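For reference, the structure is listed below as structure tokens.
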Ligand SMILES: CC(C)(COP(=O)(O)OP(=O)(O)OC[C@H]1O[C@@H](n2cnc3c(N)ncnc32)[C@H](O)[C@@H]1OP(=O)(O)O)[C@@H](O)C(=O)NCCC(=O)NCCS
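Numbering (full-length UniProt numbering), first residue to last: 1 to 195.
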């Protein structure tokens, strides 16, 4: 894993992170088409707070993400195809050095280890270069692929939060609540690469 960054140790100054098969880079306004390939698929957004996205919505997302240092475009090294998105947000208060992780990958690229590889490379940078103390993530307990990914990365299930969120309403307009697992890993626990 290598990373390119401007002088300093802030997340916004890191511009690329390279792993074996994938490259993480900043979004550009031209990524709307690549995002739409993923976010137009119901299985990709099933556990997201939003539904399937139109091309125009994806163009707007790409433009926004191009200026948001929390978002990373994950591209296949061999051909540059956009295979997924990572989200790694520096939580407030910043001095606690906590980060929140999220991810959405294109269904055509699931089950190949790309998400594991991309998350691991970014967390190496987060703990190593940015000096994170703790990285946490939430996921719906029904989202097996998501919590399996978190466990593969070495995050620990710290809690099962009841009725933590609602992304839809029932016919009577009442929120449909869902539970969430809370996962986290500390700096002292992160399995750093050799060297
Ligand atoms: C969550 C998500 C990113 C996980 O994707 P994934 O394809 O399971 O994860 P990876 O890319 O790391 O692939 C790992 C799987 O590929 C297998 N695999 C195959 N080749 C591999 C390789 N070379 N290296 C590592 N794993 C490999 C692993 O065994 C694993 O399968 P398993 O979970 O059945 O054991 C994906 O399901 C997704 O984008 N879901 C929609 C968005 C979403 O729900 N986000 C989370 C909201 S909380």
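The beta-carbon is built from N, C-alpha and C at its ideal position, and this holds for glycine as well.
The model shown is predicted, which means the values in this text are computed figures rather than measured ones.
Would you decide whether residue i is buried or exposed? Buried here means 16 or more other CB atoms lie within 10 Å of its CB.
i           : result
residue 65  : buried
residue 175 : exposed
residue 183 : buried
residue 72  : buried
residue 56  : exposed
residue 121 : buried
residue 14  : buried
residue 192 : exposed
residue 8   : Bear in mind that a pLDDT of 46 at residue 8, under 50, signals an unreliable position, so the model cannot answer this.
residue 216 : Here the chain covers residues 1 to 195 and nothing more, so residue 216 does not appear.
residue 208 : Summary: the structure shown does not reach residue 208, with the chain confined to residues 1 through 195, and so no result is reported for it.
Tell me which residue opens and which closes the beta strand (DSSP E) that residue i is part of.
i           : result
residue 163 : 156–169
residue 21  : Taken as a continuous stretch (DSSP letters only), residue 21 belongs to no beta strand (DSSP E), as it is neither H nor E.
residue 36  : Not the beta strand (DSSP E): residue 36 falls in the alpha helix (DSSP H), residues 32–39.
residue 72  : 71–76
residue 134 : 134–139
For the alpha helix (DSSP H) containing residue i, name the first residue and the last one.
i          : result
residue 18 : It is not in any alpha helix (DSSP H) - residue 18 instead sits in the beta strand (DSSP E) that spans 14–18.
residue 42 : 42–45
residue 64 : 55–65
Could you give the DSSP three-state label for residue i: helix, strand or coil?
i           : result
residue 100 : strand
residue 84  : strand
residue 191 : coil
residue 125 : helix
residue 11  : helix
residue 6   : Below a pLDDT of 50, predicted positions are generally treated as unreliable, and residue 6, at 47, falls in that range; no measurement from the model is reported.
residue 177 : strand
residue 106 : coil
residue 148 : helix
residue 26  : coil
residue 48  : coil
residue 118 : helix
Tell me residue i's beta-bridge partners as DSSP assigns them.
i           : result
residue 182 : 138 and 159
residue 111 : Answer is none; residue 111 lacks a bridge partner.
residue 89  : 100
Taking only heavy atoms of ligand 2 into account, decide whether any of them is closer than 6 Å to the Cβ of residue i.
i          : result
residue 58 : Ligands in the displayed structure: ligand 1; ligand 2 is not one of them.
- Message: Three or more C-beta pairs under 8 Å: does that hold for the region 70–84 against the region 29–44?
- Response: yes
- Between the region 74–90 and the region 14–29, do at least 3 Cβ pairs fall closer than 8 Å? yes
- Task: Count the CB pairs spanning the region 126–133 and the region 93–100 that are closer than 8 Å, and state whether there are at least three.
- Result: yes
- Taking one C-beta from the region 163–170 and one from the region 104–123 each time, how about it: are there three or more such pairs within less than 8 Å? no
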